[in-house]
Amino acid sequence: MSPFGENEIVTLALIKELARQCGFELAGAAPALPLEEAGYYRHWIAAGYAGEMGYLKDHRAGVRADPRKLLPSAKSVVCLGKLYNGPEPYSTHLDRNELAWISRYAWGDDYHDVLRRGLERLVEKLAEHAGPFDWKICVDTAPLLERGYARHAGLGWIGKNTCLINQDMGSWFFLGELLVSLEIEPASAPPDRCGSCTRCIDACPTAAIIPTGVEGGPAWAIDSRLCIAYFTIELRGTIPEDVRGKIGNHVFGCDICQDVCPWNTRTPVTSEPAFAPEHFAPDLEKLAQVSAEEFREIFRSSPVKRARYSGFLRNVAVAMGNQRAERFREPLEKMAQSPEPVVAEHARWALAQLESK
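93 is the number that the working numbering gives to position 51 of the sequence shown; each next residue is one higher, with no gaps.
Laid out in structure tokens, this is it:
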């Protein structure tokens with residue numbers, strides 16, 4: 043029997059303390075009810091902004107509207123934030139053209155595994171206080187509007203770059219959720235503090251942060267079809283020629299809109315050893331020589347494996363072409379002979395950039 047009465051509410055203070063013990067810097071709770079953000083999400087999908095990411099548009103899209111479709115007995119959504127920022131420089135401060143940029147979130151171990159372990163510990167600790175309850179862990183692969191619930195749970199506001207921003211800790215957070223059948227004292231959404239700042243919009247090389255025109259809804263959204271992270275991670279096949287030159291040295295993801303955000307000026311550094319950087323700014327020429335087996339071994343516990351081997355080499359070829367460095371000619375000529383058509387085509391494009399420098 044739970045020490046709480048059937049209708050008693052677990053306090054927000056308890057949730058925050060237990061979350062801290064489990065390695066989360068941010069914690070809050072929101073009712074497990076549909077959000078108005080579900081309507082904005084449908085508008086985003088209808089506008090085509092999801093690009094070719096079918097998993098955002100299929101039958102799971104409807105599930106996102108109500109967490110009780112994931113856990114019928116859910117009464118609360120416990121939202122957690124885990125810091126992943128490191129002391130290394132931002133991509134906007136990297137000026138060595140022989141190096142590749144891998145998004146900050148993918149430098150260490152796969153965050154899905156790290157967050158899941160922390161959430162499992164939280165379930166155990168919460169059960170010690172509240173007794174048995176129904177629960178479901180979600181770490182961004184579940185169809186849940188996690189940023190919307192995180193906002194309502196008090197973790198931060200949604201910035202113009204669509205990232206969740208916390209006033210004290212910035213935006214370098216992984217989000218995880220715990221759906222529970224417990225009533226938990228809800229938090230309240232903080233005010234939007236982006237103000238008139240447009241640094242993220244101005245800095246985006248591909249102008250992927252666009253006005254929505256949605257009355258009463260978010261003023262800005264990401265058009266994935268223009269986003270460097272989409273091109274280098276999610277897109278299978280050919281990257282449109284008109285954007286290749288804007289991708290720079292990014293081979294997996296993009297951090298520019300967070301790098302330039304004023305709220306990330308003094309972001310604290312994570313103490314999580316699993317996020318220690320193994321893949322910070324690797325050498326482009328070395329990446330071009332990695333075999334399929336080596337790729338699987340090097341990135342076996344990293345989010346980078348999501349790009350797949352051929353997609354990763356495609357990205358490396360584009361990055362080399364954008365640097366227009368003669369030392370990349372030999373590796374690009376080898377890549378141009380690749381049996382993978384997408385790798386060979388992008389390597390030929392890169393070689394053409396060397397000729398046009």
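Even glycine gets a Cβ: it sits at the ideal position worked out from N, Cα and C.
Check your understanding: So is A249 buried or exposed if we call it buried at 16+ other beta carbons inside 10 Å?
Key -> exposed
Review point. Can you give the Cα-Cα distance for G237 and A261, rounded to whole angstroms?
Key: 12 Å
Review point. Bridge partners of V156, per DSSP?
Key: Bridge partners of V156: none, in fact.
Review point. Are the Cβ atoms of I144 and F294 separated by less than 7 Å?
Key: yes
Practice item. Classify E382 as helix, strand or coil using the three-state DSSP reduction. Key: coil
Check your understanding: Cβ of L197 within 7 Å of Cβ of G70?
Key -> yes
Practice item. Give me the Cα-Cα distance between I289 and K58, rounded to the nearest whole angstrom. Key: 40 Å
**Study point:** Nearest-angstrom Cβ-Cβ length linking L217 and W177, presumed shorter than 8 Å
**Key:** Incorrect: roughly 17 Å between the Cβ atoms, too far for contact.
Check your understanding: For the region 104-187, which segments carrying the beta strand (DSSP E) assignment without a break, of at least 3 residues, lie completely within its bounds, in sequence order?
Key -> 118-125 and 177-180
**Study point:** Buried/exposed call for H101, threshold 16 Cβ in 10 Å
**Key:** exposed
Practice item. Please state whether DSSP places D284 in a helix, a strand or coil. Key: helix
Check your understanding: Considering only the beta carbon of each residue, do T134 and D301 sit closer than 7 Å?
Key -> Result yes, Cβ atoms of T134 and D301 sit closer than 7 Å.
Practice item. Would you mind stating whether V385 and R356 have Cβ atoms separated by less than 7 Å? Key: Yes, these two residues count as a Cβ contact at 7 Å.
Practice item. Could you pull out every residue in the same chain whose Cβ sits closer than 8 Å to the Cβ of K117, ignoring the five residues on either side in sequence? Key: In the same chain as K117, and ignoring 5 residues on each side of it, the C-beta atoms closer than 8 Å to its own belong to P73, A74, V222, S223, L224, E225 and I226, in chain order.
Practice item. Find the nearest neighbour of A192 within the set L161, A229 and G212, judged by alpha-carbon distance. Key: A229
Check your understanding: Apart from the five residues on each side of it in sequence, which residues of its chain come closer than 7 Å, Cβ to Cβ, to P319?
Key -> G128, E130, W149 and G150
Review point. Whole-angstrom Cβ separation of T309 and W214, contact assumed at under 8 Å?
Key: Indeed they touch by this definition, with Cβ atoms about 6 Å apart.
Review point. Per DSSP, what kind of secondary structure is L75 in: helix, strand or coil?
Key: L75: coil per DSSP, three-state reduction.
Review point. Going straight from the alpha carbon of Q365 to that of N291, what length do you get?
Key: 7 Å
Practice item. Compute the distance between the beta-carbons of A61 and L122, then report whether it is under 7 Å. Key: In contact: A61 and L122 (Cβ atoms closer than 7 Å).
Practice item. On a CA-only basis, which of V358, A367 and F66 is nearest M377? Give me that one, please. Key: When C-alpha distances from M377 are compared across V358, A367 and F66, the shortest belongs to V358.
Review point. When the Cα atoms are used, what is the spatial distance from D108 to K124?
Key: 24 Å
Review point. In chain order, what residues of the same chain have a beta carbon less than 8 Å from the beta carbon of N49, not counting five sequence neighbours either side?
Key: Because the pLDDT at N49 is just 44, under 50, the model does not fix this residue reliably, and the point stays unresolved.
Review point. In this structure, does DSSP put P304 in helix, strand or coil?
Key: helix
Point to revise | For W199, the three-state DSSP class (helix, strand or coil) | key: Assignment of W199 by DSSP, reduced to helix, strand and coil, places it in the strand class.
Exercise for review: Look at the alpha carbon of Y147 and the alpha carbon of F322, and state the distance between them as a whole number of angstroms.
Suggested key: 10 Å
**Study point:** Rounded distance between the beta-carbons of A334 and Y351, thought under 8 Å
**Key:** 5 Å
Check your understanding: Apart from the five residues just before and just after E368, which ones in its own chain have a Cβ nearer than 8 Å to its Cβ?
Key -> L396
Practice item. Could you check the C-alpha separation between Q209 and K202 for me, to the nearest Å? Key: 14 Å
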